[in-house]
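Colleague:
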Amino acid sequence: MYLHLGDDSLVAVSSILAILDIEIYREASGNSLWKKDIAKSAAMRKEPRSVIVTDEGLYFSVISAQSLKRRIQSPAYGVNLHDFAVQA
Numbered sequence: 085m086y087l088h089l090g091d092d093s094l095v096a097v098s099s100i101l102a103i104l105d106i107e108i109y110r111e112a113s114g115n116s117l118w119k120k121d122i123a124k125s126a127a128m129r130k131e132p133r134s135v136i137v138t139d140e141g142l143y144f145s146v147i148s149a150q151s152l153k154r155r156i157q158s159p160a161y162g163v164n165l166h167d168f169a170v171q172a
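By the count of my numbering, the sequence shown reaches residue 172 at its end, each step adding exactly one.
1. Alpha carbon to alpha carbon, what distance is there between V137 and I100?
2. For I147, does the three-state DSSP call read helix, strand or coil?
3. Could you give the first and the last residue of the continuous beta strand (DSSP E) run that contains D105?
4. Name the one or two DSSP bridge partners that L94 has.
5. Taking the beta strand (DSSP E) that S134 belongs to, which residues open and close that run?
6. What do you get for Y143, buried or exposed, if any count of 16 or more other CB atoms within 10 angstroms of its CB means buried?
7. Rounding to the nearest angstrom, what Cα-Cα distance links E131 and G90 in this structure?
8. Taking all protein chains shown into account, do 16 or more other C-beta atoms lie within 10 angstroms of the C-beta of A96, making it buried, or fewer, making it exposed?
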């Protein structure tokens, strides 16, 4: 099952380790790391609102961490949120 992150991005739910609010990530990562990582998302049409940590790396999303959490909690996904961290 895949989770739609907005801006034509999909990620496998099984590879998600954490979903973080962008402000939490910004504060925790420090300014230099934040600038480096956010440069990767320069193609995004809007300011990112959440960071999805996966086995493969980081994904930035224009969808809030809370909304992504609600999507994953829907019966269609059948995911136990205790399987990974959601910080919103």
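Note that CB positions come from ideal geometry on N, CA and C, so glycine has one too.
Modeller: To lay it out plainly:
1. Position 16 of the sequence shown holds residue 100. Position 53 of the sequence shown holds residue 137. Approximately 6 Å, taken between the alpha carbons.
2. Residue numbering aside, residue 147 sits at position 63 when the sequence shown is read from its first letter. In the structure shown, I147 sits in coil (DSSP, three-state: anything other than H, G, I, E or B).
3. In the sequence shown, residue 105 corresponds to position 21, counting from 1. Looking at the DSSP string, the run of the beta strand (DSSP E) that includes D105 is I100 to D105.
4. The residue given as residue 94 occupies position 10 in the sequence shown. DSSP lists H88 as partners of L94.
5. Stepping through the sequence shown from its first residue, residue 134 is reached at position 50. Its beta strand (DSSP E) spans residues S134 to T138.
6. Taking the first residue of the sequence shown as 1, we reach residue 143 at position 59. Under this definition Y143 is a buried residue.
7. What you label residue 131 is simply residue 47 of the sequence shown in a count that begins at 1. What you label residue 90 is simply residue 6 of the sequence shown in a count that begins at 1. When rounded, the distance between both Cα atoms is 12 Å.
8. Within the sequence shown, residue 96 is the residue found at index 12, counting from 1. Within a 10 Å sphere around the beta-carbon of A96 sit fewer than 16 other beta-carbons, which makes this residue exposed.
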